[in-house]
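Chains as they are written, first to last, in the working numbering: chain F, 27 to 637; chain Z, 27 to 637.
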């Protein structure tokens with residue numbers, strides 16, 4: 027069996043001969059960026075063979091790598107089969123989630139009303155005159171005769187009681203004792219809220235006794251190896267026996283990594299974490315639970331379930347108290363998940379009387395509209411363009427990503443995350459760049475980059491070196507190769523602009539349909555809320571310029587941070603809010619856009635830059 | 027590692043050198059009879075070394091085996107350490123439970139009102155106009171929005187639904203769907219009632235749809251290797267880490283063997299068995315559930331729990347539908363378990379207005395008295411003498427056991443089970459023999475066998491050869507060695523009579539205390555019910571003769587069969603009866619005899635034969 031060594035992570039692994047290098051890295055526990063699930067189309071899973079022979083480049087490698095790169099040993103890991111010992115350099119990603127604010131939500135004070143109750147009691151001692159059994163004695167002192175108890179906890183209970191002077195603490199969930207602990211531990215009450223994103227999984231450890239977030243951590247969703255978007259993952263799950271389990275194992279493993287990190291940061295004991303409340307899109311919910319998502323993909327897009335699922339941590343192998351409860355909040359429809367429900371919770375759109383829209387742009391795009399006593403939601407086929415996928419040099423928001431582009435004083439001002447040498451373009455940079463191109467006149471309303479050969483007079487002299495002919499139309503050079511990390515020009519291509527148009531058009535069209543259903547005009551909106559990490563970084567002006575948002579005064583457009591994550595935290599910290607969450611699916615009207623006759627017309631109209 | 031071959035079972039096993047032969051047989055899955063948990067005191071774990079050298083006999087072997095037996099290769103398996111390859115002959119036991127009537131209860135018609143409901147539905151098909159999720163669609167058709175569902179069942183539900191034309195059957199327990207099955211399986215609804223005895227485990231497979239017992243099976247409780255009585259097992263459980271698990275594994279394994287046998291007999295599918303309802307004494311309940319029984323042994327005899335425990339079959343590793351429910355009925359006190367509760371259920375003592383006592387003699391003895399609107403119960407330290415333990419040649423009721431002894435026409439008539447050559451004496455034979463000895467005048471009221479040397483005139487000539495001097499006093503020869511299976515005389519010793527006196531004295535004294543508490547005289551009793559297999563076989567006349575029972579007209583003494591097992595069957599078949607069972611512990615007053623000042627006096631008085 028060939029041996030692989032990965033640097034700088036310094037991991038070694040023996041693999042079966044002939045295995046795909048991308049899969050081998052996954053087996054070694056390494057994450058290699060990529061969007062196309064190994065199809066060779068995204069060109070992002072680059073690695074460098076430091077020792078060993080890569081063999082002849084494939085067609086896909088020739089397309090995505092320069093002669094120079096190939097000669098230096100660069101390869102696409104999805105294109106390589108491991109047949110001999112190799113040392114492979116894996117570019118280190120500084121992940122989006124490391125940007126601190128990504129983790130923060132807009133809700134600062136949690137309402138504390140925990141679903142788990144902890145009660146410390148000191149029991150009377152048994153005697154011949156009082157032969158009450160240990161459990162019944164405990165229940166009598168708790169004054170709760172209706173409680174059942176976890177068998178796991180009962181097993182050693184008699185000994186624990188006697189070696190702790192009959193002083194114990196019970197953790198109660200509903201009408202069940204899920205934990206019995208020696209002495210008084212009533213102030214140790216913790217839970218973890220999860221936002222299971224298609225791209226990133228985030229966890230917040232909450233002291234439920236104090237209703238405070240005490241630590242946050244995040245991980246890339248390792249299902250990524252099966253594709254950047256939910257459809258690829260549904261397809262993978264449907265394609266073979268065991269694939270669903272594979273996807274579930276991935277997300278559970280990453281969730282456990284986050285749990286471990288949170289416990290390490292805070293020195294909280296695993297068994298003192300009694301609840302997990304999770305949100306995520308409907309596909310993520312199915313994959314987390316290991317439920318067949320096959321029928322989410324084709325029309326009519328039917329989920330296996332809608333209601334909240336509640337089970338024991340041990341059933342899923344989650345490393346909190348084994349009897350701890352895991353609650354995945356309910357989904358609204360096949361493509362409107364509990365993440366959107368979390369947005370509604372956090373922004374209290376279900377309680378608002380004003381006219382308000384929320385836009386959550388993550389790997390997918392979901393929209394909610396509250397108006398005239400109705401609450402409506404829909405999903406749009408925005409795709410993951412805003413997270414850098416399907417964009418030629420798109421990347422997630424990590425060091426070296428072009429994150430801001432402004433057209434000021436007749437020139438382009440460009441900055442990257444951490445001021446690192448440019449490596450690519452992230453979502454906010456993409457929108458900014460497009461808006462700056464609109465402002466500069468280098469693209470027209472249809473999104474076409476002006477042809478400097480046909481219309482040389484439209485191109486100011488100083489921008490001449492910013493445009494070059496690419497594979498499909500012209501490209502705008504954001505950062506020349508001389509200044510970039512890779513030595514290649516960092517560009518925005520005509521194709522990238524088309525992707526952006528399709529994505530922003532889908533979102534704007536979705537909003538227009540919701541407004542049409544509610545019979546209100548976009549100018550009547552009191553507020554437009556931008557949820558998701560994206561909302562924190564995108565410049566409202568740019569979003570308005572490209573026509574991603576309705577033309578409203580900029581103060582009416584409010585970034586609300588990771589509202590989906592906030593929703594999960596709120597539902598974890600408060601039983602009352604959780605019950606509100608459980609009831610929400612019945613209150614939200616879901617609009618299925620794909621079959622509306624009026625959608626295509628509105629969509630095409632929404633494609634243009636500017637309004 | 028030495029190799030062992032067991033014949034006639036023809037099992038081979040490699041074992042660690044030095045292992046005890048009794049334990050090695052257990053590892054090979056063989057059951058060797060024994061009562062003393064390997065202490066060498068009962069002499070019952072005989073085996074014959076067919077190949078290999080047994081080495082020098084131990085003191086215990088010399089005591090229990092004759093010179094001839096030792097020379098033939100007979101040995102006590104608890105005394106032998108395996109150091110070389112041996113072929114070992116294990117005497118085959120035809121178990122008590124093979125006697126057909128042992129399995130039968132007194133209740134012939136079960137009340138059918140199953141706790142599990144099965145509903146077949148044909149769902150409407152989803153469409154864009156009706157995007158209801160699969161689970162919610164099912165719940166809508168079931169008209170039960172309150173149901174939660176087993177995750178295991180949800181996982182493949184979407185595919186199953188579509189490949190079965192949207193026709194499925196749900197099995198519902200309480201407010202939970204525990205199984206979703208393709209097509210209409212609503213008439214396939216099964217459960218198993220268990221009586222987890224200290225000595226024997228019995229199971230009845232019930233067609234819950236028809237409320238009919240369709241198969242019965244039984245196994246020796248393999249915990250037996252750790253001692254015949256509950257105290258030995260509690261001690262073993264307390265003595266080392268892992269011992270409790272060991273005991274639990276034993277009983278679960280035997281329970282699964284019974285399940286397998288029942289399913290094989292009836293060709294019922296494992297997944298169509300949705301419930302197990304079990305009864306057993308409080309120690310058996312703790313060991314079945316894997317709950318520490320330590321504090322049951324010393325005063326004040328406190329159980330870990332009293333209420334019914336209900337859990338999933340998969341939690342205990344029981345081989346029925348993994349989401350099937352397992353319910354162990356509640357216990358009343360440390361030594362009055364759900365088996366006694368089963369007796370009350372089956373005999374409806376909780377509903378009677380007459381004055382009635384029930385005596386359940388198994389490995390332990392429990393008593394119940396219903397009188398004057400009160401229901402009282404106690405346990406007696408009867409010990410397992412009635413099951414043959416602590417009796418010199420005692421054995422369980424299997425082929426070759428002396429089961430009936432009558433003194434008629436001035437002579438003894440003796441019969442064995444299956445008319446096989448005599449091997450020993452079982453419980454009913456023991457009582458019969460003692461009564462016959464009383465009738466014949468060969469023992470006096472204090473239980474002493476007449477000394478033929480001191481009082482030769484008290485001994486008729488024809489009985490001269492029936493008495494011989496044993497280790498401790500005289501012995502009465504039931505079957506001479508010339509007619510026995512073993513070649514040894516089958517005897518009733520003075521020691522055996524003492525054991526019987528202590529056991530029957532304890533039971534009768536217990537009854538007297540209950541009567542005293544209820545302030546009624548034994549003559550006022552309308553009925554005395556004899557529960558347990560024992561009650562089926564003991565002759566009432568003999569029990570009256572030795573003073574095991576109050577002196578009542580024999581028609582007032584009624585054998586009710588395996589009432590404890592009946593109770594479990596009734597509680598399995600009917601939800602209403604099960605609820606009655608759950609409420610019983612609060613209605614039964616438990617009397618703790620061990621600390622009553624009046625007990626010793628009454629006990630000593632109750633020792634004498636005759637009243």
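For each residue, glycine too, the CB sits at the ideal point set by N, CA and C. In this text the structure is predicted, and so the values were computed from the model without any measurement.
Inter-residue spacing [alpha-carbon to alpha-carbon] between residue i and residue j
i, j, result
"residue 172 (chain F)", "residue 51 (chain Z)", "46 angstroms"
"residue 297 (chain F)", "residue 283 (chain Z)", "36 angstroms"
"residue 227 (chain Z)", "residue 460 (chain Z)", "29 angstroms"
"residue 99 (chain Z)", "residue 527 (chain Z)", "36 angstroms"
"residue 543 (chain F)", "residue 156 (chain Z)", "18 angstroms"
"residue 523 (chain Z)", "residue 306 (chain Z)", "29 angstroms"
"residue 342 (chain Z)", "residue 313 (chain Z)", "11 angstroms"
"residue 278 (chain Z)", "residue 153 (chain F)", "32 angstroms"
"residue 137 (chain Z)", "residue 235 (chain Z)", "11 angstroms"
"residue 144 (chain Z)", "residue 193 (chain Z)", "13 angstroms"
"residue 120 (chain F)", "residue 424 (chain F)", "Caution applies to residue 120 (chain F), whose pLDDT of 48 falls short of 50 and renders its modelled position unreliable; the value that the coordinates give is listed next. Each residue's alpha carbon lies about 5 angstroms from the other."
"residue 347 (chain F)", "residue 328 (chain Z)", "28 angstroms"
"residue 221 (chain Z)", "residue 232 (chain Z)", "14 angstroms"
"residue 32 (chain F)", "residue 444 (chain F)", "26 angstroms"
"residue 127 (chain Z)", "residue 566 (chain Z)", "Because residue 127 (chain Z) sits at a pLDDT of 38, beneath the cut-off of 50, its placement in the model cannot be relied upon, and the following sentence gives the value as read from the coordinates. So the alpha carbons of these two residues sit roughly 17 angstroms apart."
"residue 215 (chain F)", "residue 382 (chain F)", "36 angstroms"
"residue 109 (chain Z)", "residue 75 (chain Z)", "13 angstroms"
Per DSSP, cross-strand counterpart(s) of residue i
i, result
"residue 46 (chain Z)", "Z:107"
"residue 216 (chain F)", "F:233, F:299"
"residue 193 (chain F)", "F:148"
"residue 393 (chain F)", "F:385, F:404"
"residue 433 (chain Z)", "Z:438"
"residue 519 (chain Z)", "Z:501"
"residue 294 (chain F)", "According to DSSP, which records beta bridges pairwise, residue 294 (chain F) is partnered with nothing at all."
"residue 228 (chain F)", "F:221, F:244"
CB-CB length for residue i against residue j, believed under 8 angstroms
i, j, result
"residue 614 (chain F)", "residue 403 (chain F)", "5 angstroms"
"residue 532 (chain Z)", "residue 406 (chain Z)", "4 angstroms"
"residue 555 (chain F)", "residue 586 (chain F)", "5 angstroms"
"residue 339 (chain F)", "residue 387 (chain F)", "Not a contact, Cβ separation roughly 32 angstroms."
"residue 174 (chain F)", "residue 349 (chain F)", "Contact flag wrong, Cβ pair sits at about 11 angstroms."
"residue 529 (chain F)", "residue 258 (chain F)", "Contact flag wrong, Cβ pair sits at about 17 angstroms."
"residue 652 (chain Z)", "residue 499 (chain Z)", "Residue 652 (chain Z) is absent from the model: chain Z starts at 27 and stops at 637."
Buried versus exposed call for residue i [16 or more other C-beta atoms within 10 Å across all chains shown]
i, result
"residue 595 (chain Z)", "buried"
"residue 379 (chain F)", "exposed"
"residue 129 (chain F)", "Here the model assigns residue 129 (chain F) a pLDDT of 49, short of 50, so the residue's position is not dependable, and the following value carries that caveat. Counting Cβ neighbours within 10 Å, residue 129 (chain F) comes out buried, since at least 16 surround it."
"residue 525 (chain F)", "buried"
"residue 105 (chain F)", "buried"
"residue 414 (chain Z)", "buried"
"residue 437 (chain Z)", "exposed"
"residue 450 (chain Z)", "buried"
"residue 27 (chain Z)", "exposed"
"residue 291 (chain Z)", "exposed"
Handout entry: Residues from the region 601-614 of chain F in contact with chain Z, defined by Cβ distance under 8 angstroms
Key = Cβ proximity to chain Z below 8 angstroms picks out nothing from the region 601-614 of chain F.
Practice task
Give, in chain order, every residue of the region 295-311 of chain Z whose Cβ lies closer than 7 angstroms to some Cβ of chain F.
Solution key: Taking 7 angstroms as the Cβ-Cβ cut-off against chain F, none of the residues of the region 295-311 of chain Z qualify.
Problem - Proximal residues, the region 144-170 of chain F versus chain Z, C-beta separation under 7 angstroms - result: Those residues of the region 144-170 of chain F that come within reach of chain Z (Cβ to Cβ, closer than 7 angstroms) are 152, 153, 154, 157, 159, 160, 161, 162.
Exercise for the section: Could you list the residues in the region 327-361 of chain F with a C-beta less than 9 angstroms from some C-beta on chain Z, going in chain order? Expected result: Per Cβ criterion, the list reads 327, 328, 329, 330, 331, 332, 333, 335, 336, 337, 341, 342, 357, 359, 360.
Problem - Contacting positions in the region 182-201 of chain Z - beta carbon closer than 8 angstroms to chain F - result: Residues 182, 183, 184, 185, 188.
Handout entry: Interface positions of the region 541-565 of chain F facing chain Z (Cβ-Cβ less than 8 angstroms), listed along the chain
Key = Taking 8 angstroms as the Cβ-Cβ cut-off against chain Z, none of the residues of the region 541-565 of chain F qualify.
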